[in-house]
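One rule links them: number in the working numbering = place in the sequence shown (from 1) + 222. Okay, so here's the structure we're looking at.
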Amino acid sequence: MPKMIVSIDEVVIKEVQITKDKTTLGRRPYNDIVIDNLAVSGEHAMIHMNGNEVLLEDLNSTNGTYVNGKAVKKQQLHNGDNIEVGKYKIRFLSDAADDGFDKTMVVKAPRPPQQQPAAASSSTFPAGSGDSVGLGGALHAAVKVLSGAAAGREVPLTKVVTTIGKPGVAVAAITRRQHGFVVHHVEGAGNPTLNGAPIKSDPIPLKHGDLIELAGTQMQFVQI
C-alpha cells in the first residue's frame, strides 16, 4: 500500500498507510491524517486512491497545499513526491518505494526484525507503533511507565521515532539521533513536561533518568 511520511524540522513524526479510496488530512481529530497545527486547516486536503493512481486534492485550505514546491488544487502523486502543508512535509511513497525514505537520517544498518512493545493496559501509552520506523544502531534506551494502569511497563526505544501519549489528548515523539535521543510535542492541547518544564515542538535532548509527564501518566527515560 502507498504511504505518507509526515515530518517537521527533519524529524519524522508519523507514518500513515493509504488503505482507503478517500483519506482526509487536516487539523480536526476526525481526519485520517491529523496534523494539530494552526497553519493546517480543519479539513485541509483529501487523498483519492483509484487502483494504482493516487490523487491529492486541496480542500480550499487557508494556506494551500504544495507538491514539490508548487501550489496545487489537484495533483496526481508519484513515488517520492514531497507535499508541504504549513511547516509540515509529507513524503509520498508508492507500493514499490524503499523504506529508506528519510534522506536526513543516515541509515546504513539493515532493518532489524520488527519488535512490538509490551502491550499496555492503558490507552495512554504508547500512542501506537504505526507511527514508528525501524533503525539499527548501538544506542539502547527505553521508557519506563511510573504511574497509571501500565505502571512498571518498559518500552524499548528501538525505532527512529516512538510516539507516546493518547491520540486526541496529547502526543509526544521520542526520536533517535546519531548521538542520543530527543523529545518534542506532536499534537494535543496539553503540552507534556520534561522534569516539570513544558515540552514544545522544538526537540529537547534526553538524558538518563529524565521524567516525562504526558496525559496524566508519568514516565522515565532510561538509557543503558
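Just so it is clear, CB atoms sit at the ideal spot from N, CA and C, and this is done for glycine as well. Small disclaimer: the values here were computed from a predicted structure and weren't measured.
task: Would you list the one or two residues that DSSP bridges to I269?
output: Reading the sequence shown from its first residue, position 47 is the one you call residue 269. I269 is bridged to T245, L278.
task: Output the distance between the C-alpha atoms of V256 and G248, rounded to the nearest integer angstrom.
output: Here the question's residue 256 lines up with position 34 in the sequence shown. Here the question's residue 248 lines up with position 26 in the sequence shown. For V256 and G248, the distance between alpha carbons rounds to 5 Å.
- request: Please indicate yes or no: does the CB of H406 lie closer than 8 Å to some heavy atom of the ligand MN?
  value: In the structure on display, the ligand MN does not appear, and there are no ligands present to speak of.
query: By the 10 Å Cβ neighbour count, where 16 or more other Cβ atoms means buried, how is E237 classified, buried or exposed?
result: Locating residue 237 in the sequence shown gives position 15, counting from the first residue. Buried, since its Cβ has 16 or more Cβ neighbours within 10 Å.
query: For E376, which three-state DSSP category applies?
result: Residue numbering aside, residue 376 sits at position 154 when the sequence shown is read from its first letter. Correct three-state label for E376: strand.
message: Let me make sure I understand the geometry here. Which of I426, F443, P427 has the alpha-carbon closest to that of I434?
response: For the purposes of this step, residue 434 is taken as the residue at position 212 of the sequence shown. Minimum Cα distance to I434 is reached at F443.
Residue span of the beta strand (DSSP E) that contains H407, given as start and end: By one-based count along the sequence shown, residue 407 stands at place 185. From DSSP, the beta strand (DSSP E) with H407 extends over 402-410.
query: Roughly how many whole angstroms lie between the Cα atoms of N413 and L436?
result: By 1-based counting over the sequence shown, the position of residue 413 is 191. By 1-based counting over the sequence shown, the position of residue 436 is 214. CA-CA distance, N413 to L436, rounds to 8 Å.
- prompt: Under a Cβ-count criterion, where at least 16 other Cβ atoms within 10 Å of its own Cβ denotes burial, should L260 be classed as buried or exposed?
  reply: Your numbering for residue 260 matches position 38 in the sequence shown. Its Cβ having fewer than 16 others within 10 Å, L260 is exposed.
Candidates E232, V234, I396, of which the one nearest D432 by Cα: Locating residue 432 in the sequence shown gives position 210, counting from the first residue. The shortest Cα separation from D432 among E232, V234, I396 belongs to I396.
task: Report yes if the CB atom of G410 is closer than 9 Å to the CB atom of L428, and no otherwise.
output: Within the sequence shown, the letter at position 188 stands for residue 410. Within the sequence shown, the letter at position 206 stands for residue 428. No. Outside cutoff.
task: Could you spell out where the beta strand (DSSP E) holding M441 opens and where it closes?
output: Here residue 441 is taken as the residue at index 219 of the sequence shown, counted from 1. It spans 439-445 - the beta strand (DSSP E) in which M441 sits, taken as one unbroken run.
query: Applying the criterion that 16 or more other CB atoms from any shown protein chain within 10 Å of the CB defines a buried residue, is I446 buried or exposed?
result: Start at 1 with the first residue of the sequence shown, and residue 446 comes out as number 224. Burial call: exposed.
task: Look up L315 in the DSSP assignment and say whether it is helix, strand or coil.
output: In the sequence shown, the residue the question calls residue 315 occupies position 93. Three-state result, L315: strand.
- prompt: Starting from V262 and walking both ways along the beta strand (DSSP E), at which residues does that stretch end?
  reply: Here residue 262 refers to the residue found at position 40 when the sequence shown is read from its first residue. No beta strand (DSSP E) holds V262; DSSP gives it neither H nor E.
field: Selected residue, minimal CA-CA separation from G286, among H406, M268, V276, S316
entry: Position 64 of the sequence shown, counted from the start, is the residue given in the question as residue 286. Comparing Cα-Cα distances from G286 to each of H406, M268, V276, S316, the minimum goes to M268.
Residue environment, V307, which counts as buried when at least 16 other CB atoms sit within 10 Å: The count along the sequence shown starts at 1 and reaches residue 307 at position 85. Answer is buried; the Cβ neighbour count reaches 16.
task: Give the secondary structure of I230 by DSSP, where H, G and I count as helix, E and B as strand, and everything else as coil.
output: If you number the sequence shown from 1, residue 230 lands on position 8. Looking at I230 - three-state DSSP - the assignment turns out to be strand.
- prompt: According to the Cβ coordinates, are I305 and L278 closer than 9 Å?
  reply: Residue 305 sits at position 83 when you count from the first residue of the sequence shown. Residue 278 sits at position 56 when you count from the first residue of the sequence shown. Between I305 and L278, the C-beta gap is smaller than 9 Å, which places the two residues in contact.
- request: Can you have a look at T245 and say buried or exposed, based on whether 16 or more other CB atoms are within 10 angstroms of its CB?
  value: The sequence position of residue 245 within the sequence shown is 23, counting from 1. Counting Cβ neighbours within 10 Å, T245 comes out buried, since at least 16 surround it.
Identity of the residue in N272, R399, M441 nearest P425 by Cα: Within the sequence shown, numbered from 1, the residue matching residue 425 stands at position 203. Checking every option, the nearest Cα to that of P425 belongs to R399.
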